[in-house]
DNA sequence: TTCGTATATAAGCATGAGCTTATAATAACA
DNA sequence: TGTTATTATAAGCTCATGCTTATATACGAA
């Protein structure tokens, strides 16, 4: 999920779309006109932004009116802070890494060298 | 710059590397061992993270010891907040968009329709 | 100077991502 | 029902990105 959000943000056109939606809600054809970009391109980027949870949409007749989902956005950054601060052994998907990291404590890059040189003696 | 940072964060292996570096500084060969990933792959990802300003490195003999640059990281998010909050017409690279957006005020999607239908009358 | 260790870089490949053009789907309306 | 407006999706292309293997570079130690 984190990855998805950052990937969505890591593209210039999507950043621009998001910036505009931060000002006010806009439908696809408004974005098309403001950014001077064709419709499929807008739609495709909006899809990515919606999947990442950064944009929400409301329907009105044929139009899909999009807006920046500020709450969801801030939640993502909560999630990221958690990811970076929670102890490694409590993070799902880091079990092996945790063990190898602990193991490294007695086997650091530097210490490995010392061991090898002492063996040779 | 914003784009670069988000792009760097939008990749699973790089996110993992960054997570580990948030715990403590590590050299390439440590990361190699902890993540069970080959050396060039680690180096290439570190390069991206360094270029994005998320990781800094210190040299010690042949080793490059990497760490998470928390300050630079937080600056990026300041920058992002600014980007999202500063008035559009003050944002470089949004001049045309600003004008077209203002113009849209009297020419919204809905209003355009009304105009067209009233013309027909 | 020669060798080993740590890291960077290059080349080649496969996959992914963004763009354009064309077409489909949906909804209001005559 | 047929037409128009709005948006979504598909196909094809090109370029970017990540991975692997092989090689180069930098540094220390013998």
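Protein chains in written order, with my numbering: chain A, 70 to 190; chain B, 70 to 190. Ideal Cβ positions, reconstructed from N, Cα and C, are used throughout, including at glycine. On a predicted model such as this, the values are computed, not experimentally measured, just so you know.
* **Three-way DSSP call (helix, strand, coil) for residue 93 of chain B in this model** => Mapped onto the second chain, residue 93 of chain B falls at position 24. In this structure, residue 93 of chain B counts as coil in the three-state DSSP scheme.
* Decide yes or no for the touch test of the segment 121-136 of chain B against the segment 72-89 of chain B: beta carbon pairs closer than 8 Å, at least 3 of them. => By the criterion of at least three beta-carbon pairs nearer than 8 Å, the segment 121-136 of chain B is in contact with the segment 72-89 of chain B.
* Asked: Which one of A:136, A:116, A:109, A:159 has the shortest CA to CA distance from residue 92 of chain A?
  -> In the first chain, residue 92 of chain A corresponds to position 23, counting from 1. For the options A:136, A:116, A:109, A:159, the alpha carbon positioned closest to that of residue 92 of chain A is the one of A:136.
* Asked: Residues bridged to residue 154 of chain A by DSSP?
  -> Taking the first chain and counting its residues from 1, one reaches residue 154 of chain A at position 85. According to DSSP, which records beta bridges pairwise, residue 154 of chain A is partnered with nothing at all.
* residue 163 of chain A - containing alpha helix (DSSP H), residue span -> Translated into positions along the first chain, residue 163 of chain A becomes position 94. Note, residue 163 of chain A: premise wrong, no alpha helix (DSSP H); not H, not E.
* Asked: What's the call for residue 145 of chain B, buried or exposed, on a 16-neighbour Cβ count within 10 Å?
  -> Here residue 145 of chain B corresponds to residue number 76 of the second chain, with the count starting at 1. Residue 145 of chain B is buried by the Cβ-count criterion.
* Are the beta-carbon atoms belonging to residue 103 of chain B and residue 170 of chain A less than 8 Å from one another? -> By one-based count along the second chain, residue 103 of chain B stands at place 34. By one-based count along the first chain, residue 170 of chain A stands at place 101. At the C-beta level, residue 103 of chain B and residue 170 of chain A come within 8 Å of one another.
* Asked: Exposed or buried, which one is residue 165 of chain A when buried takes at least 16 other CB atoms within 10 Å?
  -> In the first chain, the residue the question calls residue 165 of chain A occupies position 96. Exposed: under 16 other Cβ atoms inside 10 Å.
* **Contact with chain B by residue 81 of chain A, beta-carbon distance below 8 Å** => By 1-based counting over the first chain, the position of residue 81 of chain A is 12. Taking 8 Å as the threshold, the shortest C-beta distance from residue 81 of chain A to chain B falls below it.
* Asked: Any C-beta of chain B sitting closer than 8 Å to the C-beta of residue 153 of chain A?
  -> As a working mapping, residue 153 of chain A is identified with position 84 in the first chain. Answer yes: the Cβ-Cβ gap between residue 153 of chain A and chain B drops below 8 Å somewhere.
* Residues sharing a beta bridge with residue 128 of chain B, DSSP -> Start at 1 with the first residue of the second chain, and residue 128 of chain B comes out as number 59. According to DSSP, residue 128 of chain B bridges with B:133.
* Distance between residue 108 of chain B and residue 173 of chain A (C-alpha atoms, nearest Å) -> Start at 1 with the first residue of the first chain, and residue 173 of chain A comes out as number 104. Start at 1 with the first residue of the second chain, and residue 108 of chain B comes out as number 39. The alpha-carbon atoms of residue 173 of chain A and residue 108 of chain B are separated by roughly 17 Å.
* **Cα-Cα separation between residue 90 of chain B and residue 148 of chain A, rounded to whole angstroms** => Your numbering for residue 90 of chain B matches position 21 in the second chain. Your numbering for residue 148 of chain A matches position 79 in the first chain. Roughly 18 Å between the two C-alpha positions.
* Where residue 72 of chain B falls: helix, strand or coil (DSSP) -> Counting from one through the second chain, the residue named residue 72 of chain B turns up at place 3. In this structure, residue 72 of chain B counts as helix in the three-state DSSP scheme.
* To do: Check the Cβ-Cβ distances between residue 91 of chain B and every residue of chain A, and say whether any is below 8 Å.
  => Start at 1 with the first residue of the second chain, and residue 91 of chain B comes out as number 22. Chain A contact via Cβ: present.
* To do: Taking C-beta pairs closer than 8 Å, name the residues in chain B that residue 88 of chain A reaches, listed in chain order.
  => For the purposes of this step, residue 88 of chain A is identified with residue 19 of the first chain, where counting begins at 1. In chain order: 152, 153, 157, 160, 163.
* Close beta carbons around residue 138 of chain B, own chain, < 7 Å, minus the five adjacent residues each side -> Taking the first residue of the second chain as position 1, residue 138 of chain B is located at position 69. These residues qualify, in order along the chain: 122, 123, 124, 125.
* To do: Flag this pair as yes or no: are the beta carbons of residue 128 of chain A and residue 97 of chain A separated by less than 8 Å?
  => Counting from one through the first chain, the residue named residue 128 of chain A turns up at place 59. Counting from one through the first chain, the residue named residue 97 of chain A turns up at place 28. Residue 97 of chain A sits away from residue 128 of chain A, with the two beta carbons spaced by 8 Å or more.
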